[in-house]
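K.L.:
Going by the numbering used here, the first residue of the sequence shown is number 20, and it counts up by one from there. Yeah, the Cβ is synthetic: ideal placement off N, Cα and C, and Gly gets one too. Dropping the structure in here first, questions after.
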Amino acid sequence: MKKIFKLLSLITIITFQTNLYAEVPYFIDFKYILNQSDAGKKAQQALKNKLDNGIKKIQAKEKNIQEEEKKIIAQKKIISPEEYKKKVDELRNKVSNLQKERNKLLNDVSKQRTNARNELLKNLNPIIRDYMKQKQIRMVIDKKNLLVAEDSLDITKDIMALLNNKLKSIKLN
């Protein structure tokens, strides 16, 4: 009877420990995947190039406006006050349009970045679900919401490899 009780106790303990490990949540570093996956890198590079090119064009326009401002100031005593006021107003309109253009560029790049992130996450969710079914994982959480965890619970590299195989690039508008 004692042996049966010990055997049942041992089986219960082993089963309980197995269930504890089965319920352990795994984690994934979404930020790392967004920044380091093939599709994420390509999207970031394309957005960076678009922003850099736009800023260069805006800076060239700023330089032209500054040159025009210097010419207007130099002509202040030569031209009539009405003509001077008209040129200053035109210059202010150009500055205003340039500011609008800069804001539009920043908003467009921001929207595209958000769309690219959403597209990547949309493709990432089924990959994570399939991985969870395959490995019998019940919960995956984002690393940024984690205080401390064992490195063995990190599935970021596995998920990123699967994502890189499935998604080579993200279509930007």
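For Ala41 and Glu138, I'd like the C-alpha separation in whole angstroms.
P.N.:
Translated into the one-based positions of the sequence shown, residue 41 becomes position 22. Translated into the one-based positions of the sequence shown, residue 138 becomes position 119. Reliability of the predicted coordinates at Ala41 is poor, the pLDDT of 49 falling under 50, and the value obtained from them is presented with this limitation in mind. Rounded to whole angstroms, Ala41 to Glu138 spans 31 Å at the Cα level.
K.L.:
To the nearest angstrom, report how far apart Lys190 and Ala135 are at their CA atoms.
P.N.:
Looking up residue 190 in the sequence shown gives position 171. Looking up residue 135 in the sequence shown gives position 116. Looking at the two C-alpha atoms, the distance is approximately 7 Å.
K.L.:
Would DSSP call Val167 helix, strand or coil?
P.N.:
Here residue 167 corresponds to residue number 148 of the sequence shown, with the count starting at 1. If DSSP states are grouped into helix, strand and coil, Val167 belongs with coil.
K.L.:
Give the list of continuous beta strand (DSSP E) stretches no shorter than 3 residues that lie fully inside the segment 102–160.
P.N.:
Qualifying beta strand (DSSP E) stretches: none in this window.
K.L.:
Quick test of your reading: Lys80 and Leu117, contact by CB under 8 Å. State the CB separation rounded to the nearest angstrom.
P.N.:
Residue mapping note: residue 80 aligns to position 61 of the sequence shown, counting from 1. Residue mapping note: residue 117 aligns to position 98 of the sequence shown, counting from 1. Between Leu117 and Lys80 the Cβ distance is about 6 Å, and since that is below 8 Å, they are a contact.
K.L.:
Can you tell me where the alpha helix (DSSP H) with Ile74 in it begins and where it stops?
P.N.:
Position 55 of the sequence shown, counting from 1, holds the residue named residue 74. It spans Asp57 to Ala93 - the alpha helix (DSSP H) in which Ile74 sits, taken as one unbroken run.
K.L.:
Which residue comes first and which comes last in the alpha helix (DSSP H) that contains Ile178?
P.N.:
For the purposes of this step, residue 178 is taken as residue 159 along the sequence shown, with counting starting at 1. Looking at the DSSP string, the run of the alpha helix (DSSP H) that includes Ile178 is Thr175 to Lys185.
K.L.:
What distance in whole Å lies between the Cβ atoms of Leu66 and Gln131, which are believed to be in contact at a cut-off of 8 Å?
P.N.:
The residue given as residue 131 occupies position 112 in the sequence shown. The residue given as residue 66 occupies position 47 in the sequence shown. The pair is a contact, with the Cβ atoms about 6 Å apart (cut-off 8 Å).
K.L.:
What is the C-beta distance between Leu110 and Ile77, in whole angstroms, given that I count them as a contact (C-beta under 8 Å)?
P.N.:
As a position in the sequence shown, residue 110 is number 91, starting the count at 1. As a position in the sequence shown, residue 77 is number 58, starting the count at 1. About 16 Å separates the two Cβ atoms, so there is no contact after all.
K.L.:
Given Ser87, which residues of its chain have a CB within under 7 Å of its CB, disregarding the five upstream and five downstream residues?
P.N.:
Here residue 87 refers to the residue found at position 68 when the sequence shown is read from its first residue. Note that residue 87 is Glu in the sequence shown, not Ser. Excluding sequence neighbours, Glu87 sits near Leu110.
K.L.:
For Met179, count the other beta carbons within 10 Å of its own beta carbon; 16 or more makes it buried, fewer makes it exposed. Which is it?
P.N.:
Within the sequence shown, the letter at position 160 stands for residue 179. It is buried - the Cβ of Met179 has at least 16 other Cβ atoms within 10 Å.
K.L.:
Classify Ile52 as helix, strand or coil using the three-state DSSP reduction.
P.N.:
On the sequence shown, residue 52 is found 33 positions in, with the first residue counted as 1. DSSP places Ile52 in helix when its eight states are reduced to three.
K.L.:
Cβ of Ile160 within 8 Å of Cβ of Phe46?
P.N.:
For the purposes of this step, residue 160 is identified with residue 141 of the sequence shown, where counting begins at 1. For the purposes of this step, residue 46 is identified with residue 27 of the sequence shown, where counting begins at 1. Result yes, Cβ atoms of Ile160 and Phe46 sit closer than 8 Å.
K.L.:
Taking the beta strand (DSSP E) that Ile189 belongs to, which residues open and close that run?
P.N.:
Reading the sequence shown from its first residue, position 170 is the one you call residue 189. Segment: none, Ile189 is in no beta strand (DSSP E) and carries neither H nor E.
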